[in-house]
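Top to bottom, those sequences are chains L and H.
For the first sequence, position 90 matches number 92 in my numbering, and the numbering has no gaps at all.
For the second sequence, position 120 matches number 122 in my numbering, and the numbering has no gaps at all.
We put the CB at the ideal spot given by N, CA and C, even for glycine.
Structure record follows, encoded as structure tokens.
Protein chains: 2
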Amino acid sequence: MITRAEALAMDNADQLAQKAAEFILPEGVIYLDGNSLGVMPKAAIVRVKHAVEVEWGQDLITSWNKHGWFQAPLKMGDKIARLIGAEPGSVVVADSISINVFKVLSAALAKNPTRKVILSDTGNFPSDLYVAQGLAQFMNDGHVLRAVAPEQVLNAIGDDVAVVMITEVDYRSAQRHDMKAITSKAHAHGALVICDLAHSAGAVPGLLMDADIDFAIGCTYKYLNGGPGSPAFVFVHPRLQNETMPALVGWWGHAKPFAFEGQFTGAAGITKYQCGTQPILSMQALDAALDVWADVDMDVVYAKAQKQCAMFTELAEARCGRHGIKLFGSRDFSKRGSHVCLEHEQSYAVMQALISRKLIGDFRAPNLMRFGFTPLYVSYTDVYDAVEILADVLDNRIWDNPKFLAQNAVT
Amino acid sequence: MITRAEALAMDNADQLAQKAAEFILPEGVIYLDGNSLGVMPKAAIVRVKHAVEVEWGQDLITSWNKHGWFQAPLKMGDKIARLIGAEPGSVVVADSISINVFKVLSAALAKNPTRKVILSDTGNFPSDLYVAQGLAQFMNDGHVLRAVAPEQVLNAIGDDVAVVMITEVDYRSAQRHDMKAITSKAHAHGALVICDLAHSAGAVPGLLMDADIDFAIGCTYKYLNGGPGSPAFVFVHPRLQNETMPALVGWWGHAKPFAFEGQFTGAAGITKYQCGTQPILSMQALDAALDVWADVDMDVVYAKAQKQCAMFTELAEARCGRHGIKLFGSRDFSKRGSHVCLEHEQSYAVMQALISRKLIGDFRAPNLMRFGFTPLYVSYTDVYDAVEILADVLDNRIWDNPKFLAQNAVT
């Protein structure tokens with residue numbers, strides 16, 4: 003089993019180790035929840051202060067041109083494109099991920115009008131399934147969501163499927179779907195493919211063009227560290243941008259928004275997948291966060307995350323197996339994203355105890371503790387120390403002592 | 003004609019005059035564009051700094067509970083409710099205004115399924131019309147947008163109309179539609195009513211419950227001063243909240259979002275009209291901005307705005323009429339919102355010249371200069387001085403001198 007000295011040696015040899023200095027890391031905290039809300043890049047403080055005091059406070063309405071507010075969604079889309087394997091001009095930052103699911107799903111269904119089945123899997127993030135259910139119910143013409151078990155997706159692709167909607171990395175099991183195989187079979191059967199990159203962007207190497215994916219959406223406040231609720235992104239394959247139309251459109255997607263014409267004419271390219279005005283303060287924080295990635299190689303990031311996930315799992319099983327701790331999902335770390343879920347019958351209480359000890363992860367119903375590994379600012383010694391805390395909490399049943407929890411609440 | 007001394011005397015007697023001290027007003031600027039982007043409340047600087055450095059930077063994921071991120075959309079909705087004549091619990095802050103138009107329009111059409119006509123007017127803000135066109139095109143079952151002249155709306159309400167969709171205050175003419183008359187006739191004919199309050203919230207007294215309006219949406223970055231692109235709001239009449247379902251739903255509208263159930267079950271009340279995660283930094287700025295309104299009486303605000311609009315128009319016509327300056331829209335200031343559009347054949351160039359002289363308004367195609375009057379921070383002397391600048395620019399044809407414009411560009 004790995005020792006702390008060995009973990010430290012790995013940190014000393016880690017080419018990403020110096021990236022942590024670009025972030026604010028709360029004192030004494032081991033933060034393994036960057037898969038839910040990424041930590042703050044130092045540059046974001048400076049950028050938001052400027053956006054508030056100079057751009058909004060002083061330059062006001064003139065900032066739309068002067069400080070590039072108009073151009074931000076596409077410019078930021080290009081910064082993300084490199085990380086997710088997309089071409090420049092095919093990604094735009096806008097709205098929330100659920101809203102972007104709705105845009106691309108409605109566009110895909112309109113493009114494939116003779117078919118009624120939206121194929122997804124039961125491990126998909128529930129909000130994606132809700133969007134599909136809500137849209138199908140509204141259409142009220144036989145459209146239906148068919149959610150099969152994750153391992154059944156490939157088999158379930160048939161000639162009745164309009165669109166296959168899959169989150170590449172499962173938010174609980176961390177399983178990576180084989181998007182190349184899924185897309186290839188979907189296209190052979192005349193179906194379109196939507197890929198949700200919520201737990202992929204900034205975590206695993208990009209694959210959109212390589213896998214020939216039609217539509218994608220993703221999140222910027224997790225691995226990309228854009229700040230709480232920072233706007234999401236949407237990708238449409240270049241061959242489909244001018245051939246598709248979402249049900250949800252607005253003036254930011256118009257060919258000439260400031261002509262204030264009475265008739266909607268969609269802009270060329272990905273622009274049409276914008277709708278209304280974006281929250282600029284949150285946008286500027288995200289823009290600063292994206293610049294942190296400019297010199298980062300996603301293969302290097304993913305390789306480190308895989309090592310950290312494996313190391314955490316092995317240590318946790320060895321140290322805590324006797325307390326019923328068990329890995330949720332596959333043990334093949336080459337086919338996983340960058341988080342680990344551990345099963346334990348008292349996961350909620352144990353996670354509260356871990357948080358009181360300044361090890362931050364999250365609870366996912368019904369019985370999972372989830373830990374995210376974000377190689378830009380999590381070290382190998384963090385991984386080692388996290389398991390020490392987990393072991394201590396379990397060995398001493400700290401989760402079972404309300405008084406201790408109350409005394410140690412994070413303040 | 004009013005003199006500057008008289009304007010100053012009006013300021014001295016103005017019960018709203020001290021409110022300006024709660025805002026950052028750029029030095030030397032007369033800002034008549036608060037109808038497009040409101041100026042920054044001082045409290046917003048403090049709040050955003052806290053949201054960045056403490057909430058995101060230090061408390062990270064725990065802030066969802068610790069700093070009330072989860073509760074913010076409904077809590078802020080209640081602050082807005084008072085200003086727009088709605089009941090507590092019937093307004094939620096989320097997403098952009100165009101997206102909220104889509105939510106309520108889809109809900110209204112689903113509630114009134116046997117009718118195909120969306121009635122609006124050609125003076126409505128184009129994005130609202132685009133949303134209706136996009137949705138109708140997607141539905142592809144005979145639904146159609148019928149946009150009549152603003153003065154024809156009441157006459158056009160018939161038994162084929164599913165929903166009447168009107169922006170209360172026209173973004174160019176500033177005309178206030180008679181929402182009571184429209185809603186009364188619409189309901190008599192079995193149609194539902196959507197009211198866009200983009201240029202009403204924080205400008206004119208609230209009327210939603212009083213006029214019995216079914217759905218409303220509105221903007222927070224104009225008169226409410228929430229900051230650039232701050233999230234919009236949506237209102238659903240209490241009688242319809244549990245009886246309607248938007249086409250666009252997501253996990254934030256689920257009855258139990260953190261149960262991560264596979265099936266969408268809409269939350270009770272207005273909560274269902276949320277979809278995904280909101281941009282927290284922009285939300286916190288807006289929350290601080292809304293607190294500025296806590297002691298404000300909308301009747302007092304509107305009375306001052308009406309006086310300012312009338313005063314500006316009379317002075318501008320008297321001083322600049324010989325240059326072809328003309329009021330756009332009705333002269334009855336009791337039936338108008340809080341901005342004034344002036345027609346001039348060189349409006350774009352003249353507005354550029356005004357901006358170079360630090361009088362900020364905006365240009366609206368094809369030939370309008372628009373000036374907004376925001377009584378919380380615009381004084382009567384501002385109004386007087388603005389006309390002085392306009393007269394000077396026109397008298398000296400400053401708009402016709404590119405060299406002057408270049409030298410005086412706002413930097």
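Query - Alpha-carbon spacing of Phe373(L) relative to Ile32(L), whole angstroms - result: 11 angstroms
Query raised in the report: When you compare only the Cα positions, how much space is there between Cys277(H) and Tyr382(H)?
Result: 42 angstroms
Report task. In the DSSP assignment, find the beta strand (DSSP E) that holds Thr273(L) and state where it starts and stops. Result -> Element bounds for Thr273(L): n/a, residue is neither H nor E.
Requested in this report: Taking only beta-carbon positions, decide if Ser349(H) is within less than 9 angstroms of chain L.
Outcome: no
Requested in this report: Determine the closest residue to Ala348(L) out of Leu329(L), Ser98(L), Asp364(L) and Leu370(L), with distance taken between C-alpha atoms.
Outcome: For clarity, residue 348(L) is Gln in the given sequence; the question names Ala instead. Nearest option by C-alpha distance: Leu370(L).
Requested in this report: Alpha carbon to alpha carbon, how far is Met313(L) from Phe335(L)? Give it in angstroms, no decimals.
Outcome: 10 angstroms
Report task. Have a look at Thr249(L) and Ala112(H) and give me their C-alpha separation to the nearest angstrom. Result -> Inspection of the sequence shows that residue 249(L) is occupied by Ala rather than by Thr. Going from the Cα of Ala249(L) to the Cα of Ala112(H) covers about 15 angstroms.
Requested in this report: Determine, using beta carbons only, whether Gly220(H) and Leu199(H) come nearer to each other than 9 angstroms.
Outcome: yes
Query raised in the report: How would you list, in chain order, the residues of chain L whose beta-carbon sits under 9 angstroms from the beta-carbon of Arg366(H)?
Result: Phe260 and Phe262
Query raised in the report: Which bits of chain L does Cys277(H) rub up against, with CB to CB less than 7 angstroms?
Result: Ser98, Ser100 and Ile101
Query raised in the report: Taking only beta-carbon atoms, is Gly255(L) less than 9 angstroms away from chain H?
Result: yes
Query raised in the report: Quick one: which chain L residues come within Cβ less than 8 angstroms of Val171(H)?
Result: By Cβ distance, chain L contributes nothing, its closest Cβ being about 16 angstroms from Val171(H), past 8 angstroms.
**Report entry** Assigned exposure category for Pro115(H) - 16 Cβ within 10 Å defines buried
**Finding:** exposed
Query raised in the report: So, does the CB of Val41(L) fall closer than 9 angstroms to a CB anywhere in chain H?
Result: yes
Requested in this report: Would you mind reading off the limits of the beta strand (DSSP E) that contains Glu263(H)?
Outcome: Segment: none, Glu263(H) is in no beta strand (DSSP E) and carries neither H nor E.
Query raised in the report: What span of residues does the beta strand (DSSP E) with Ala149(L) cover, start to end?
Result: Val146 to Val150
Query raised in the report: Can you find at least 3 beta carbon pairs, one from the region 223 to 242 of chain H and one from the region 150 to 159 of chain H, that sit closer than 8 angstroms?
Result: no
**Report entry** Closest by C-alpha distance to His69(L), when choosing among Val50(L), Tyr350(L), Lys309(L) and Ser100(L)
**Finding:** Val50(L)
**Report entry** Cross-chain neighbours of Ile196(L) in chain H, by beta carbon under 9 angstroms
**Finding:** Chain H residues near Ile196(L): none, gap ~15 angstroms exceeds 9 angstroms.
Report task. Starting from the C-beta of Glu55(L), find all residues in its chain whose C-beta is less than 8 angstroms away, skip the five residues before and the five after it, and write them out in chain order. Result -> none
Query raised in the report: What does a CB cutoff of less than 7 angstroms around Met211(H) pick up in its chain, not counting 5 residues either side in sequence?
Result: Gly87, Ala88 and Glu89
Query raised in the report: Where Asp130(L) and Ala305(H) are concerned, what is the direct C-alpha to C-alpha distance, given to the nearest angstrom?
Result: 47 angstroms
**Report entry** Own chain, CB closer than 7 angstroms to Ala411(H), minus 5 neighbours either side, in chain order
**Finding:** The predicted model places Ala411(H) with a pLDDT of 49, which falls under 50 and marks its position as unreliable; any figure quoted below should be read in that light. Excluding residues within five positions, the ones whose Cβ falls inside 7 angstroms are Ser358.
Query raised in the report: Got a sec: is the Cβ-Cβ distance from Asn142(L) to anything in chain H below 9 angstroms?
Result: yes
Requested in this report: Taking Leu131(H) as the query, report the chain L residues whose CB atoms sit under 7 angstroms from its CB, ordered along the chain.
Outcome: Gly264
Query - CB-CB length for Tyr225(H) against Gly36(H), believed under 8 angstroms - result: 6 angstroms
Query raised in the report: Is any beta-carbon of chain L found at less than 9 angstroms from that of Asp35(H)?
Result: yes
**Report entry** Minimum Cβ-Cβ distance from Trp71(H) to chain L less than 9 angstroms
**Finding:** yes
Query raised in the report: Using the beta-carbon of each residue, which ones in chain H are nearer than 9 angstroms to Trp401(L)?
Result: Per Cβ cutoff of 9 angstroms: no residues; Trp401(L) is ~17 angstroms from chain H at best.
Query raised in the report: Mapping DSSP to helix, strand and coil, what is Ala164(L)?
Result: strand
Query raised in the report: If you draw a straight line from the C-alpha of Asp387(H) to the C-alpha of Val294(H), how long is it?
Result: 26 angstroms
Query raised in the report: How is His415(H) classed by DSSP in three states: helix, strand or coil?
Result: What is shown of chain H runs 3 to 413, which leaves residue 415(H) out entirely.
Query - Through-space distance from Asp180(H) to Ser340(H), alpha-carbon basis - result: 16 angstroms
Query raised in the report: DSSP puts Leu361(H) in a beta bridge; with which residues?
Result: Ile32(H)
Query raised in the report: Can you name the residues of chain H whose CB is closer than 7 angstroms to the CB of Gln60(L)?
Result: Pro28
**Report entry** Rounded distance between the beta-carbons of Arg148(L) and Leu121(L), thought under 8 angstroms
**Finding:** 5 angstroms
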